[in-house]
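>
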Amino acid sequence: MPKVIITDRSGKKSEIEYDSNFTLMETLRDNGYDIEASCGGCCACATCHVYIDEKWTNKLKNMDDDEESMLDQAFDVKNNSRLSCQIDLSEELDGLEIEIAPE
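Just so you know, we're using the working numbering here: the sequence shown kicks off at 304 and counts up by one.
Pasting the structure below:
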């Protein structure tokens, strides 16, 4: 199974396997990571904000206007910020490295 490498808010690094039928947000939430995702993945909040490791940013689909708009409301936004609900996991993302953004 493909894996994603996660750095949580305390700086602890771990990896989890994922199913390609889910988003990154669903995978994080279902594996007990501290990610609020209050809108349930509808791109209507910014509570699933993550940082994508720079070597992976070009491998993701481009951010759409809705996601960009929501990130304008997030804290500590960086060039590699994304909403995890907008990242569809696939076999090609095996080894994806992310950091969960501060609350």
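Each residue gets a CB set at the ideal place from its N, CA and C atoms; glycine is no exception.
1. Considering only C-alpha positions, which residue in the set Pro405, Ser393, Asp368, Leu399 is nearest to Ser323?
2. Residues bridged to Lys306 by DSSP?
3. Taking the straight line between their C-alpha atoms, what separation do you get for Ile355 and Glu370?
4. Please state the DSSP three-state secondary structure of Glu339.
5. Does the region 307–318 come within contact of the region 357–373, defined as at least 3 CB pairs closer than 8 angstroms?
6. Measure how close the beta-carbons of Ala404 and Asp379 come, nearest whole angstrom, since I'm counting them as under 8 angstroms.
The structure says:
1. The residue given as residue 323 occupies position 20 in the sequence shown. When each option's Cα is compared against that of Ser323, the closest is Ser393.
2. As a working mapping, residue 306 is identified with position 3 in the sequence shown. Glu320, per the DSSP bridge assignment.
3. Translated into positions along the sequence shown, residue 355 becomes position 52. Translated into positions along the sequence shown, residue 370 becomes position 67. Going from the Cα of Ile355 to the Cα of Glu370 covers about 15 angstroms.
4. Sequence index remark: in the sequence shown, residue 339 carries index 36 (1-based). Three-state result, Glu339: coil.
5. no
6. Position 101 of the sequence shown, counted from the first residue, corresponds to residue 404. Position 76 of the sequence shown, counted from the first residue, corresponds to residue 379. Ala404 to Asp379, Cβ: 6 angstroms. Contact.
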